[in-house]
Amino acid sequence: MAENQNSKDLYMIIKEKYQRKSVAGQLQSVFGKEIYHYFCLESTNKVAYLLAKKGAEEGTVVVADEQTQGEGRGDHYWYSPQGGLWFSLILRPRMISSETSRLSILGATGIAMSIDRLFSSLKVRIRWPNDVVIKDKKVAGVLIKVRTERSDVNFAIMGIGVNLNVREFPSPLSFTATSLIKETGDSTSKKRFLESTLEELENLYFSSQVNGHMLLEKARLFSSLLGRQVEVVTTEGKFQGLVQDLDEDGGLILRLESGLHKKILPEEGYIKERSPKI
Ligand code: BT5
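Following this line, the structure appears as structure tokens:
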């Protein structure tokens with residue numbers, strides 16, 4: 077079992093139990109109040125999933141310095157050497173399963189806000205649904221795994237990978253990926269970046285439960301695709317069109333060449349080709 081195999085490599089459990097004020101001014105439990113920090117895991121998502129199944133609280137974080145089988149969406153891999161920030165956050169959202177699509181956008185928006193806050197000179201963008209990019213190169217990604225009981229969400233795991241201090245990428249990633257150290261020339265403290273990202277995610281998560289439009293507004297601000305011609309690969313086939321908007325479910329609204337509109341949910345597709353940047 078992954079958990080047993082990996083537990084010997086667990087070197088730290090941080091139980092800070094610190095509290096921050098929510099947007100509404102009340103104290104609430106916070107993301108990262110319990111952090112399981114490993115040297116090396118196959119995937120932080122797998123361990124977080126097992127912990128959540130055993131009842132771990134919302135906000136629990138599993139972080140690893142290195143992953144040997146980092147997962148992307150579908151059958152995609154995630155390159156996770158030392159130097160990056162690889163973590164998974166346990167969520168227990170009060171939503172029905174059809175509403176969980178928006179968690180991908182929430183994750184990507186939280187990372188983009190954290191990069192923007194710490195490195196205001198970098199032009200960070202979200203490439204729908206889950207890529208965080210700088211100059212069209214991927215610097216971070218989000219993977220959501222949801223466990224449902226009937227139509228209720230039991231828990232969700234938000235897996236986040238950020239290329240923090242990764243200096244080199246193997247081909248073909250060397251053409252499509254970047255890192256904060258490559259963009260800024262400086263290394264970034266993992267602890268500082270994790271704290272900042274958890275804070276942004278927590279604010280977005282709780283405030284979007286009160287005001288659903290808020291998340292959308294933020295996501296639009298960072299979106300790299302609005303008004304651009306794209307090709308989206310979905311399970312139903314490929315669709316080409318102009319990106320008109322994002323909707324509250326995290327869906328992409330495409331205006332097809334026929335003039336019809338098509339909504340594609342985050343879990344249904346990814347961007348294949350884009351027109352050159354305007
Ligand atoms: C993602 O999938 O972007 C989700 C990435 C989630 C990674 C985190 S790390 C912590 C947690 N534990 C896990 O095991 N996973 C999560 P997707 O949109 O499918 O993108 C995957 C594609 O991005 C791959 O097929 C590669 O082309 C590319 N890729 C792989 N590793 C990369 C990296 N480090 N940086 C940039 N691009 C990468």
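The sequence shown stops at residue 354 when you use my numbering, and every number in between is there.
In this text, a Cβ means the ideal position worked out from N, Cα and C, and glycines have one as well.
Every value quoted in this text rests on a predicted model; they were computed, and no experiment measured them.
Asked: Pairwise C-alpha distance: K109 and L194; Found: 22 Å
Asked: Inter-residue spacing [alpha-carbon to alpha-carbon] between N206 and A140; Found: 21 Å
Asked: Alpha-carbon spacing of E175 relative to D325, whole angstroms; Found: 6 Å
Asked: heavy atom of the ligand BT5 below 7 Å from H152 C-beta; Found: yes
Asked: Contiguous alpha helix (DSSP H) assignments of at least 4 residues, all confined to the stretch 151–195; Found: 178–194
Asked: Host alpha helix (DSSP H) of A253 (start-end); Found: It is not in any alpha helix (DSSP H) - A253 carries neither H nor E in the DSSP assignment.
Asked: E244 - DSSP class collapsed to helix/strand/coil; Found: coil
Asked: Where L292 sits in the DSSP three-state scheme; Found: helix
Asked: Per-residue DSSP class, three states only, for V222; Found: strand
Asked: Cα-Cα separation between G235 and L297, rounded to whole angstroms; Found: 23 Å
Asked: 8 Å Cβ shell around Y346 - same chain, five flanking residues per side excluded; Found: R149, P205, V308, V309
Asked: G237 Cβ short of 7 Å to the ligand BT5 heavy atom set; Found: yes
Asked: Uninterrupted alpha helix (DSSP H) stretches inside the stretch 102–156 (no shorter than 4 residues); Found: 120–129
Asked: Straight-line Cα distance separating G317 from L336; Found: 10 Å
Asked: Burial state of G261, where buried means 16 or more other Cβ atoms lie within 10 Å; Found: exposed
Asked: The ligand BT5 heavy atom lying under 7 Å from the CB of L219; Found: yes
Asked: Closest residue to T136 among Q305, Y125, Q145 (Cα-Cα distance); Found: Y125
Asked: Cβ-Cβ separation, L167 to A232 (assumed contact under 8 Å), whole Å; Found: 4 Å
Asked: The ligand BT5 heavy atom lying under 7 Å from the CB of T120; Found: yes
Asked: Cutoff 7 Å; reference P157; Cβ partners in own chain excluding five residues on either side; Found: E142, V242
Asked: Separation of L182 from W162, as counted between CA atoms; Found: 17 Å
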